[in-house]
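What follows is a short report on a single structure.
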Amino acid sequence: MEQYAIKGGNPLVGDVEIGGAKNAALPILAASTMTDETVYIENMPDVRDINVLLQAMQGIGVMVKRTGRHGAVLNAGNINSLVVEDEGIKKIRASYYLLGAFLGKYKHAEVTLPGGCDIGFRAIDQHIKGFRALGARVVIEHGLIKADAQRLVGSHIYMDVVSVGATINVMMAATMAEGMTIIENAAKEPHVVDLANFLSSMGANIKGAGTDVIRIRGVQKLHGTEYTIIPDQIEAGTFMFAGAVTKGDVTVKNVIPKHLESITAKLLEIGCQVEEADDCIRVVATRTLEHTHVKTLPYPGFPTDMQPQITVALALSKGTSIVTESVFENRFKYVDELTRMGASIKVEGNTAIITGVEKYTGASISAPDLRAGAALVLAALTAEGYSTVDDVRYIQRGYEDFHLKLQALGAQIELVETEKDYQKFKLKTG
C-alpha cells in the first residue's frame with residue numbers, strides 16, 4: 058500500500074506552481090454537459106476526483122479527449138444515459154453536480170448518492186429544496202437521487218444555510234429554466250463565481266455571483282466555449298502553511314491573492330512575513346510562531362478546508378490557541394494522529410484548545426481525509442526524525458504531485474510501497 062515516507066527538519070525554500078482548483082473544475086466539468094457543442098477546458102488539475110468524474114461522464118456517452126495533462130475537450134452531444142451510478146463516482150462528493158446539469162438541460166437526472174471524505178454530515182436538503190422550487194419532483198430510491206420535471210420555472214429561493222454545493226446545483230438547473238430565479242443567502246466562494254463565469258461564457262445570463270444574491274434569467278440553449286479554471290486557493294494555502302511550519306521561505310505562484318486574504322491575515326497574525334504580488338505570494342517564517350484564535354466560516358471567512366493546516370501550525374506556536382469549526386462537525390478526527398507526534402490539543406465539541414509545544418516527533422500516522430492528510434504531511438515535515446503517512450489516496454484526491462512539489466522545495470519525502478522501499482529511503486536520508 059502506498060504511503061509517504063518523510064524525514065523532518067528541512068525548512069522548505071523556493072517557488073511552487075499552484076494548479077487549477079479542484080472545487081471549481083468538478084462543477085465546470087459537470088456543466089459542460091449542458092451543451093451539445095464542444096467545450097475546451099484548460100488548467101484542470103490532474104487529481105483523482107477529476108479523473109473519476111471524467112470516467113463516469115465517458116461511461117454515459119460524453120466524448121472526453123485529454124489535451125495534455127491539464128486540458129480536456131468535451132462534447133456531450135451524444136449522451137446515452139441520464140443515470141449515473143458508476144462505482145467510482147460513489148466515492149466522490151461532486152457526483153451530485155450532474156443532477157443540476159442534467160435537470161437543467163434534460164429535465165431528468167438520476168445520480169448515485171455522493172461520498173467523499175467523512176468529515177461530517179453534508180445534507181442535500183438544500184439542493185432538493187432548490188430543485189423542487191423550480192418545479193422538479195425529487196425522490197431518493199435505491200441509492201439514487203432522482204429528479205425530473207415537465208418544465209422548470211424560475212423561482213425565488215432562500216437557502217436556509219450557506220451551501221456551496223446547493224448554490225452550484227440550483228444555479229445550473231436555473232440556467233435553463235423559464236424566467237428569473239433569485240438565490241438568496243447564496244455561497245460566495247471563488248469556485249461558485251468560476252462556475253457562473255463558465256456558464257456565462259456558454260451563453261447563460263447570471264448576475265451577482267460572489268455576492269449573497271444571485272439572479273439567473275433562464276436561456277433555452279447553451280453553446281460551446283473555451284475556459285481556463287481558476288487557481289486552487291486550498292492548495293496555495295497548504296503550501297503557504299508548509300513554509301510557515303518548517304520555518305521556510307515559500308513563494309506560491311499562479312494564484313489570485315484576493316482569494317487568499319483570510320489565510321494571509323492569519324499568517325501575519327501568527328508572526329510570518331507575507332509579501333504579495335499580482336499572481337504570487339511569498340511566506341517567510343524566521344521565528345517561533347505566535348498563538349491566535351480561528352473560526353472557520355463560509356467565504357470570505359477562514360476556509361474549513363484550511364482548518365487542519367492552521368491547527369498544525371498553532372500546535373507549534375507560543376501560548377494557547379483556540380480553533381472553532383463551524384462548518385463540518387467531524388473535522389477534528391486528525392487530532393489523535395497529531396497527538397501521537399507530540400501535539401497538545403484538547404477537543405471539546407466543535408472547538409480545539411491548543412497548547413503550543415516546541416516540536417513534533419516522527420510517528421506512523423494515517424490520513425483520515427483529504428485536507429487533514431495534507432496537514433499531517435506538513436507536521437511530519439517539521440518533526441524530529443522519520444514519519445510515515447498511510448492512506449495517501451485521500452491526499453491524491455485533491456493534490457497533484459504533492460510529494461514532488463514538496464521535494465522541489467527541499468523536503469525529504471518519498472512515495473513508498475513496501476517496507477524495503479522505506480528502509481532504502483532511510484538509508485538514503487540518514
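Here my numbering is used: the first residue of the sequence shown is 58, the next is one more, and so on. Yeah, the Cβ is synthetic: ideal placement off N, Cα and C, and Gly gets one too.
Query, Result
"Uninterrupted beta strand (DSSP E) stretches inside the stretch 194-238 (no shorter than 3 residues)", "194-198, 201-205 and 213-215"
"Cα-Cα separation, Thr408 to Val380", "6 Å"
"Contact the stretch 321-341 vs the stretch 246-263: 3+ CB pairs below 8 Å", "no"
"Tyr451 versus Lys148: straight-line alpha-carbon distance, rounded", "11 Å"
"DSSP beta-bridge partners of Val340", "Val307 and Val331"
"Under the three-state DSSP convention, the category Tyr163 falls into", "helix"
"Bridge partner(s) assigned by DSSP for Gly71", "Val307"
"Alpha-carbon to alpha-carbon, Gly77 and His127", "8 Å"
"Supposed contact pair Glu167 and Leu201 - C-beta distance, whole angstroms, cut 8 Å", "5 Å"
"Rounded distance between the beta-carbons of Leu466 and Val73, thought under 8 Å", "6 Å"
"C-alpha distance - Phe482 paired with Lys304, whole-angstrom precision", "24 Å"
"Opposing strand residues paired with Tyr443 [DSSP bridges]", "Lys64"
"Secondary structure, alpha helix (DSSP H): runs of 4+ residues fully inside the stretch 104-149", "105-116"
"Secondary structure of Ser421, DSSP reduced to three states", "strand"
"Sequence-distant residues of its chain with Cβ nearer than 6 Å to Tyr163 (five each side left out)", "Leu139"
"Sub-8 Å separation of Ala180 and Leu83 beta-carbons", "no"
"DSSP three-state assignment for Phe178, whether helix, strand or coil", "At Phe178 the pLDDT is 48, less than 50, meaning the model places this residue with poor confidence; the figure from the coordinates comes in the next sentence. Of the three classes helix, strand and coil, the one that applies to Phe178 here is coil, per DSSP."
"Cα-Cα separation between Thr238 and Ala190, rounded to whole angstroms", "10 Å"
"Residue from Glu144, Leu111, Thr345 and Val210 whose Cα sits closest to the Cα of Gly488", "Because the chain in this structure spans residues 58 to 487, residue 488 falls outside the shown range and cannot be described."
"Sequence-distant residues of its chain with Cβ nearer than 7 Å to Val404 (five each side left out)", "Phe389 and Val392"
"Test item: CB-CB of Gln366 and Phe298 under 8 Å", "yes"
"Three-state secondary structure assigned by DSSP to Tyr451", "helix"
"Beta-carbon proximity of Asn67 to Thr95, cut-off 8 Å", "no"
"Between the CA atoms of Tyr284 and Ala253 - distance to the nearest angstrom", "12 Å"
"Alpha-carbon spacing of Thr295 relative to Ile75, whole angstroms", "10 Å"
"Cross-strand partners of Tyr97 (DSSP beta bridge)", "Val130 and Glu283"
"Beta-carbon spacing of Asn226, Tyr154 below 8 Å", "yes"
"Backbone CA spacing between Phe178 and Phe359 [nearest angstrom]", "Note that Phe178 scores 48 on pLDDT, short of 50, meaning its location in the model is unreliable; the coordinates nonetheless yield the value given after this. Their backbone Cα atoms lie some 20 Å apart in a straight line."
"Collapsed DSSP secondary structure at His350 in the structure displayed", "strand"
"Host beta strand (DSSP E) of Gln277 (start-end)", "No beta strand (DSSP E) contains Gln277, which DSSP labels as neither H nor E."
"Beta-carbon separation (whole angstroms), Glu457 vs Pro102, contact threshold 8 Å", "5 Å"
"Cut-off 6 Å between Cβ atoms - residues of its own chain near Gly71, not counting five sequence neighbours on either side", "Leu466"
"Element boundaries [beta strand (DSSP E), containing Glu471]", "Gln469 to Val473"
"Coil, strand or helix - Lys315 by DSSP", "helix"
"Limits of the alpha helix (DSSP H) - the one that Ala293 falls within", "Gln290 to Val302"
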